[in-house]
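Participant:
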Amino acid sequence: MSDMSKRDRSEILKRLLGPAEPELSCDECFEQLDRYVELELSGADADAAVPGMRAHLAGCAACDHDHRSLRALVETEASSGQ
Ligand SMILES: [Zn+2]
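Numbered continuously in the numbering used here, the sequence shown closes out at residue 325.
1. I need the straight-line Cα distance from glycine 295 to aspartate 251, nearest angstrom please.
2. Determine the burial state of leucine 300: buried for a count of at least 16 other Cβ atoms within 10 Å of its Cβ, exposed for fewer.
3. Counting by C-beta, which residues lie closer than 6 Å to a heavy atom of ligand 1, in chain order?
4. Do you know offhand how far serine 312's Cα is from glutamate 281's?
5. So for glutamate 266, helix, strand or coil by DSSP?
6. Since valine 317 is in the alpha helix (DSSP H), which residue starts that stretch and which ends it?
7. Please name the residue, chosen from Asp270, Leu276, Asp288, that lies closest to valine 317 on a Cα-to-Cα basis.
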């Protein structure tokens, strides 16, 4: 009986940990990237607004590259004095 409850507990723990670190697909990441970068540069909590984005960028080199390029572009536009 104690063995079984130990196993149940690890199953529950796995389920609890799962949604805590949601991760986007590349398509979802691409759809949210503009908004994410705008929030990031405005000093807002971009990670709270777009959950899973940071986790995806950390694990996906292609999207991380897109994110860096877009952020550099937006930063350049923002500082060009328009
Ligand atoms: Zn990706």
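Ideal Cβ placement from N, Cα and C applies to all residues, glycine included. Every value quoted in this text rests on a predicted model; they were computed, and no experiment measured them.
Facilitator: Reading off the structure:
1. The straight-line gap from Cα to Cα measures roughly 27 Å.
2. Answer is buried; the Cβ neighbour count reaches 16.
3. Qualifying residues, in the order they occur: Cys269, Cys272, His299, Cys303, Ala305, Cys306.
4. Taking the straight line from one Cα to the other gives about 13 Å.
5. In this structure, glutamate 266 counts as coil in the three-state DSSP scheme.
6. Element bounds for valine 317: 304-321.
7. Nearest C-alpha to valine 317: Leu276.
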